[in-house]
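Input: a single structure, listed below in structure tokens.
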Amino acid sequence: MDLNVLHNPFIDMLGARLVEWEPGSCTWQLEIAAHHTNTQGSLHGGVIATLLDVACGYSGFCPEQGRLEHRAATLSLSIQYLAKSHHGVLLAKGRRIGGGRRVFFAEAKLLAGEQLIATASGSFRRHQLSIDEA
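Pasting the structure below:
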């Protein structure tokens with residue numbers, strides 16, 4: 001499956017890549033670069049929030065039979081920042097944990113190697129792609 005099936009300009013600019021995607025879960029990868037850091041030289045909180053958000057959101061929909069029919073919008077997201085990271089490869093692992101057809105709940109964790117950097121949980125609304133978006 002082509003994991004670049006859903007173009008997202010902001011995520012492209014950030015440099016994150018979708019490396020695993022199946023119904024109910026996904027994994028995003030990002031190698032920390034200088035432009036991902038804050039004034040103290042550690043990973044910026046906005047980068048952390050973004051990776052956790054997309055990991056949660058993408059866990060709630062997946063291409064079916066090679067066709068992408070849905071997207072998700074964040075309704076709420078709660079983040080717990082646990083540790084700093086300065087360099088290396090990050091993995092954001094998201095999984096759907098419940099919900100219905102339109103609104104679902106998901107959680108994610110951000111790892112730098114084996115170190116847990118942050119966790120998140122949130123609610124998301126699935127919506128059907130329009131013909132123009134498909």
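Its first residue numbered 1, the sequence shown is counted upward by one per residue in the UniProt record's numbering.
Glycine included, each C-beta is placed from N, C-alpha and C at the ideal position.
Within 10 angstroms of the Cβ of residue 100, are there 16 or more other Cβ atoms? Answer buried if so, exposed if not.
exposed
Using 10 angstroms around the beta-carbon of residue 104, count the other beta-carbons present and answer buried if the total reaches 16, otherwise exposed.
buried
List the endpoints of the continuous alpha helix (DSSP H) containing residue 50.
45-59 is the extent of the alpha helix (DSSP H) around residue 50.
Do residue 96 and residue 125 count as a contact pair if the criterion is CB distance below 7 angstroms?
Against a cut-off of 7 angstroms, the Cβ pair of residue 96 and residue 125 comes out as no contact.
Assigned secondary structure, residue 70 (DSSP; H/G/I helix, E/B strand, else coil):
strand
Less than 7 angstroms between the C-beta atoms of residue 76 and residue 112, yes or no?
no
Quick one: residues in its chain with C-beta nearer than 7 angstroms to the C-beta of residue 60, no 5 flanking neighbours on either side, listed in chain order?
Cβ neighbours of residue 60 within its own chain (closer than 7 angstroms, five residues either side excluded): 72, 96, 104, 106, 124 and 126.
Quick check on DSSP: helix, strand or coil for residue 33?
coil
Compare the C-alpha of residue 109 against each of 55, 44 and 62 and name the closest.
It is 55.
Taking 7 angstroms as the threshold (C-beta atoms), are residue 49 and residue 30 in contact?
no
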